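A short write-up of the structure that comes next.
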Amino acid sequence: MFEFAWPWIFALLPLPWLMRLVLPVADSGEPALKVSYLSDLEGLARRRARANLPGWRQQAPFVVLWLLLLTAAARPQWLGEPLPIAASGRDLLVAVDVSGSMDFPDMHWQGEDVSRLSLVKHLLGDFLQEREGDRVGLILFGSQAYLQAPLTFDRRTVRTWLDEARIGIAGKNTAIGDAIGLALKRLRQRPAQSRVLILITDGANNAGQIDPLTAARLAAEEGVKIYPIGIGADPEQTGSLGILGVNPSLDLDEPALKALAEATGGQYFRAHDGEELQQVKETLDTLEPVEQQPTQARPAHALYSAPLALALILSLLLVIQERWPNNVLQRWFNKLSSKGIFLQQHPEWRQRLQRLRLRRRR
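Count along the sequence shown from 1, add 205, and you get the number used in our numbering.
Right, dumping it as C-alpha cells:
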C-alpha cells in the first residue's frame, strides 16, 4: 500500500507564491534596453525573450520542481504486508561494575590469567548474544551508573558496547544502589513477569546516593528480580596484591549481595574463576521466557529517492538552459517542439540578419 508518512508537507505548496507577494521585487542590477527590432534579435539568438513568454510557461518548470521536492519531503513509502515480530522472552538488563578493581588479573580462563572485566566481556557477551527473543540492555557503573545500551532486540550492538567498556569510565568507586535504581527506572514500564536485572560486581557499595537494600526493596515492589554475581578469586587462592598492597577480593560484600537476591526473589552466584562463571552463565540461560503480547509490523520501503532524483535532474537542465542556451540538448528539443516554449528553429536567419544590418546602416 502506497502512502505518505508526512502528508502535511503539501500544506507548504503555496509558500513560493506567498513569498512573492510579501517580499519586494528583486533588482537584477542590469539596465533595460527597449528596441523596436526585438523579434529580429530573438531570431538571431534562436530563443524568445522571457518578457514575451506567457507567465505559466515561465513558471511551469519551477512548479514541477517544487512539487517534486515536496513529494520527496513528504516521505512516500510502500508498506508491505504485516509481519509478526518475536516478542516472547524477558526484558533483561545487565549492570557491570567497571571500577578500578575489575582490572585485577586473578581470573583463570583456558590456562591464562585474565582480568575480571575481560572475562565478563567474553562470557557475558556470549550470554547476551544468545538470548534470542529477549530485550537486553547494558548498565555500566562505578562511582555513578550510566545506561550504556537501552533495552533492545539488537543483541549484537549491546555486546559491542560491552566490549568497548573501559576500567574507570564511570569512576573508581562502586555505586551498587544507583545501578539498581537506574535499572528499576528502565524496567518499570515493562511487563511485571519479565523484569530481570543481572548485577556483576567484585566489591561493596561505597558510593552513590541510594542504599542497595532500599533499592532492592523498591525493585521487589515493581516485580524486578535481581541476580547478583560476585566475581573474583578467593584471597587464599591468590597471592597477588593490588596497587595499594591489598587483595581486591577482600572487598566483595557477599552478605549484601545475597540480601539483594533474597529481597527480590532472585539468586546469588559466586564466580571464583572462568569455569564457575561459565556455569553461572549456563544457569542463567535456563530462565524460562515469559510470553508477552505479540506485535506486528509492516515493512516500509522508502520511495523518496525517485522524486528527489527527478528534481535534481530538472534543476541541472534549468541551469544548463540558463548558462548555455544554445546547447546540443536544446537544439534537439527544438526539433521536437512545435509550440515555441523555449527555442525556435529559423531557417531564414541569414535573411533576417541581413535586414537587421540594413536597418542599422540607415
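Idealized CB from N, CA, C, for every residue including glycine. Nothing here was measured: the structure is a model prediction, and the numbers come from that model.
- Between glycine 376 and glutamine 349, the CB-CB gap stays under 9 Å.
- Excluding its 5 nearest sequence neighbours in each direction, glycine 408 has C-beta neighbours in its own chain below 8 Å: Asp302, Ser304, Ser306, Thr379, Pro453, Asp456, Leu457 and Asp458, listed in chain order.
- Annotated as proximal: serine 520 and leucine 270, with beta-carbon spacing under 9 Å.
- For histidine 506, the enclosing beta strand (DSSP E) begins and ends at 505 to 507.
- Nearest neighbour of alanine 300 by Cα position, chosen from Leu517, Ile415 and Thr406, turns out to be Thr406.
- For methionine 307, there is no enclosing alpha helix (DSSP H), as DSSP marks it with neither H nor E.
- By the 16-neighbour rule on beta-carbons within 10 angstroms, threonine 469 is buried.
- Annotated three-state conformation of valine 363 is helix, per DSSP.
- Comparing C-alpha distances from isoleucine 214 to each of Ala278, Met206 and Met224 shows the shortest one belongs to Ala278.
- Under the DSSP assignment, lysine 486 falls in the alpha helix (DSSP H) whose first and last residues are 479 to 489.
- Among the bridge pairs identified by DSSP, threonine 406 is matched with Gly435.
- Isoleucine 344 has Ala300 and Leu352 as its beta-bridge partners, per DSSP.
- Each residue's CA atom was taken as its position, placing glutamine 526 and proline 266 some 12 Å apart.
- Linking aspartate 478 to phenylalanine 309 through their CA atoms gives a straight-line distance of about 12 Å.
- In the same chain as glutamine 483, and ignoring 5 residues on each side of it, the C-beta atoms closer than 7 Å to its own belong to Leu328, in chain order.
- Judged by DSSP secondary structure, valine 319 falls outside any alpha helix (DSSP H) and instead within the beta strand (DSSP E) spanning 317 to 319.
- For leucine 284, the enclosing beta strand (DSSP E) starts and ends at 281 to 284.
- When Leu223, Ala210, Leu273 and Glu208 are compared, the shortest CA-CA separation from leucine 517 is found for Leu273.
- Counted as a single uninterrupted DSSP element, the stretch harbouring alanine 476 is not any alpha helix (DSSP H) but the beta strand (DSSP E) occupying residues 474 to 476.
- A direct Cα-to-Cα measurement between phenylalanine 474 and arginine 503 gives close to 42 Å.
- Within a 10 Å sphere around the beta-carbon of arginine 295 sit 16 or more other beta-carbons, which makes this residue buried.
- Counting only residues of its own chain and dropping the five nearest sequence neighbours on each side, threonine 357 has a CB closer than 8 Å to the CB of Arg340, Val341, Gly342 and Val363.
- Per the coordinates, the alpha-carbon of glutamine 315 lies some 50 Å from the alpha-carbon of leucine 284.
- Annotated three-state conformation of lysine 326 is helix, per DSSP.
- In the DSSP assignment, glutamate 208 falls within the unbroken beta strand (DSSP E) covering 207 to 209.
- In this structure, the straight-line span from the alpha carbon of leucine 345 to that of glycine 386 is close to 13 Å.
- The criterion of a C-beta distance shorter than 9 Å is satisfied by leucine 333 and leucine 367.
- Sequence-distant Cβ neighbours of leucine 508 in its own chain, meaning closer than 7 Å and more than five residues away, are Pro281, Gln282 and Trp283.
- Put simply, the backbone Cα of glutamate 427 is about 20 Å away from that of alanine 461.
- Under the DSSP definition of a beta bridge, lysine 430 partners with Val401.
- Counting along the chain, leucine 457 sits inside no alpha helix (DSSP H), nor does DSSP assign it H or E at all.
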